[in-house]
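Accompanying notes for the structure given below.
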Amino acid sequence: MLSAISFKIYEMRKYLLLTLIVSMIAIPIADSLVIQRDRNRNEMYGEAFWVFGFSVYEMNDTDVAEAMGEPFNDGDHTLPPYLGNITYEYPVFGLIFFAIAAWLYPGVGGLQPLWLNFILVLVFMLNLVLIAILLKDKIYNVRWARLFFAGYFIYGLIMSAGGGKLEPITDCLLLIALVLNKEGQNGKAMVALGLSIQTKIYSIVALPILFIASPVSIIWFLLSTLLTILPFMVGGARFDSLIQHFLNTTDYSTYVVNPMYPGLAFDTTDLAISADASYIWPPALIPLIIYVGFMLFTIHRYLPARSAFIEASWWQRILLLKPLYIYLVPASLFIFRWVMPWYLFWFGGLIFLLETDEQAVGYLKEITIVGFVYTLGVIANWPYFILGPLPDFLNNFPLGLQSFIPLTVMVIASLFVFVIWRWSFNRQEAKALRMRSAEERGELIL
Numbered sequence: 239m240l241s242a243i244s245f246k247i248y249e250m251r252k253y254l255l256l257t258l259i260v261s262m263i264a265i266p267i268a269d270s271l272v273i274q275r276d277r278n279r280n281e282m283y284g285e286a287f288w289v290f291g292f293s294v295y296e297m298n299d300t301d302v303a304e305a306m307g308e309p310f311n312d313g314d315h316t317l318p319p320y321l322g323n324i325t326y327e328y329p330v331f332g333l334i335f336f337a338i339a340a341w342l343y344p345g346v347g348g349l350q351p352l353w354l355n356f357i358l359v360l361v362f363m364l365n366l367v368l369i370a371i372l373l374k375d376k377i378y379n380v381r382w383a384r385l386f387f388a389g390y391f392i393y394g395l396i397m398s399a400g401g402g403k404l405e406p407i408t409d410c411l412l413l414i415a416l417v418l419n420k421e422g423q424n425g426k427a428m429v430a431l432g433l434s435i436q437t438k439i440y441s442i443v444a445l446p447i448l449f450i451a452s453p454v455s456i457i458w459f460l461l462s463t464l465l466t467i468l469p470f471m472v473g474g475a476r477f478d479s480l481i482q483h484f485l486n487t488t489d490y491s492t493y494v495v496n497p498m499y500p501g502l503a504f505d506t507t508d509l510a511i512s513a514d515a516s517y518i519w520p521p522a523l524i525p526l527i528i529y530v531g532f533m534l535f536t537i538h539r540y541l542p543a544r545s546a547f548i549e550a551s552w553w554q555r556i557l558l559l560k561p562l563y564i565y566l567v568p569a570s571l572f573i574f575r576w577v578m579p580w581y582l583f584w585f586g587g588l589i590f591l592l593e594t595d596e597q598a599v600g601y602l603k604e605i606t607i608v609g610f611v612y613t614l615g616v617i618a619n620w621p622y623f624i625l626g627p628l629p630d631f632l633n634n635f636p637l638g639l640q641s642f643i644p645l646t647v648m649v650i651a652s653l654f655v656f657v658i659w660r661w662s663f664n665r666q667e668a669k670a671l672r673m674r675s676a677e678e679r680g681e682l683i684l
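In our numbering, each number is its position in the sequence shown, counted from 1, plus 238.
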């Protein structure tokens, strides 16, 4: 894998340098336009780790900010008041990553937040290399591969340079696991996947696929989880907030920020009256109805042939159902009360586990449909979102709606960079085609 990464970095060196330049310009701009609470919060907990150890998992944001003092008690390093009772919910590897990053660049405040963005940008660039390895030649001549690469390019740039979030690290470890899995190094793949889950838990959806590829390798996954188990048993680490998140309890958040959540149809909080008042709102079911309709028309592509399924052994049947499992994973986004817009790309990496281009194209369409119904859900639930979640979201932009003008310019710039990438890919493919044609004609290639 290291040889493949080294070769691909050399092959993409010009474009990685261009990406780095764009990212370095974007980091200070985004820092001035967006209150990057996740990055600021991880910086605070990373510094607090060296003081309190794993006991930080027992403290909420206000406790840590008061204990650490300036500049963490400025209100930009803590979650909003309605999330004030939440303790640190990210798994252990994510905490350790930011603790080490803060240790490498000591000095609270100042350039330390920008340093964290820079580290995440480097991880994002490694992700591009890993995606190129997984796509192989498809990145040059297959449309869905280029669309996926472009989508991840914009997403990754926003998550790293513009957001300072944990997603690039989680994705990096997941992509490493997928590359190792392709190479047949199943034990190492499980270790990488275990670390990915211990950064942000959504990559656990890949565990069943890697397990059925090599059941014995689960031992390595369990060994990697000792990184979390040991601090939990002896270091004071607790994950109450993470559990509350998965259980959809109001202890995590009184707000429902997922516009696709069907529960809004039966119990929408009437924010105009009080947090205890609610009303029935049937339009909230529109996103689910559209998604179910889309799935009914497309799911047949992921079902095994009936005759092959009947004749197969029980283990082969499990293998035949792998595409169906992958196709159903994005439906989990409808289950939880708390789903932010960037969660829509969480499961993008599963596309590399599909076996045919037709299935990959269908999976991209599904993710697109989920994004569409997410937006439609905001419109369908407008009376609720305009009073609570949307104003709170806009509070992360100090300049208000004017912040979106330079942010849009950043997105356009990232698209421009990808256009250069694509033009270069087309040029390389055309050159390779001419060389193959010349060789077939018996011409000497110098």
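The beta carbon of each residue, even a glycine, is placed where N, CA and C say it ideally should be.
Keep in mind that this is a model prediction, so the values were computed, not measured.
Compare the Cα-Cα distances from Leu628 to each of Thr536, Leu255, Met578 and report the closest residue. Residue Met578 is the option with its Cα nearest to Leu628.
Cutting at 6 angstroms between CB atoms, please list the residues of its own chain near Ala598, excluding the five before and the five after it. Trp382, Ile589, Leu592
Please give me, in chain order, every unbroken run of the alpha helix (DSSP H) with length at least 4 that falls completely inside the segment 368-396. Unbroken alpha helix (DSSP H) runs of no fewer than 4 residues, entirely contained in the segment 368-396, are found at 376-379, 381-395, following chain order.
Buried or exposed (CB count within 10 angstroms, at least 16 for buried), Val647: exposed
In chain order, what are the residue ranges of uninterrupted alpha helix (DSSP H) at least 4 long that sit wholly in the segment 592-623? DSSP runs (the alpha helix (DSSP H)) wholly in the segment 592-623: 595-618, 620-623.
What residues are listed by DSSP as bridge partners for Ser516? Thr507
Find the nearest neighbour of Leu637 within the set Thr257, Phe245, Val272, Leu255, judged by alpha-carbon distance. Minimum Cα distance to Leu637 is reached at Val272.
Own chain residues within Cβ distance below 6 angstroms of Ile435, not counting five before or after: Ser441, Ile442
Between Pro446 and Tyr295, which are expected to be in contact by the criterion C-beta below 8 angstroms, what is the C-beta distance as a whole number of angstroms? With a Cβ gap of about 28 angstroms, Pro446 and Tyr295 do not count as contacting.
Val567 beta carbon less than 7 angstroms from that of Phe585: Closer than 7 angstroms, so yes.
Output yes or no for whether 7 angstroms exceeds the beta carbon distance between Leu373 and Asn419. no
Beta strand (DSSP E) runs wholly inside the segment 316-351, at least 3 long, in chain order: Within the segment 316-351, no complete beta strand (DSSP E) run reaches 3 residues.
Compare the Cα-Cα distances from Leu523 to each of Pro500, Tyr517, Leu509, Val380 and report the closest residue. Pro500
Helix, strand or coil, according to DSSP, for Asn486 in the structure here? coil
Determine the direct distance from the alpha carbon of Asn633 to that of Thr507, and round the result to whole angstroms. Each residue's Cα considered, the two are about 21 angstroms apart.
Under 8 angstroms by Cβ, that's how I've got Trp341 and Trp288 pegged, so tell me the actual separation to the nearest angstrom. 7 angstroms
Going by other Cβ atoms of all chains shown within 10 Å of its Cβ, with 16 needed for buried, is Asp489 buried or exposed? It is exposed - the Cβ of Asp489 has fewer than 16 other Cβ atoms within 10 Å.
First and last residue of the uninterrupted alpha helix (DSSP H) at Met282: 275-290
Output yes or no for whether 7 angstroms exceeds the beta carbon distance between Met498 and Tyr612. yes
Give me the Cα-Cα distance between Thr214 and Ile407, rounded to the nearest whole angstrom. In the structure as shown, the chain starts at 239 and stops at 684, and residue 214 therefore has no counterpart that could be examined.
Quick check: the Cα distance between Gly531 and Pro525, rounded to an integer number of angstroms? 10 angstroms
Test item: CB-CB of Phe336 and Asn298 under 7 angstroms: no
Could you tell me whether the segment 389-409 touches the segment 357-377, where touching means 3 or more Cβ pairs closer than 8 angstroms? yes
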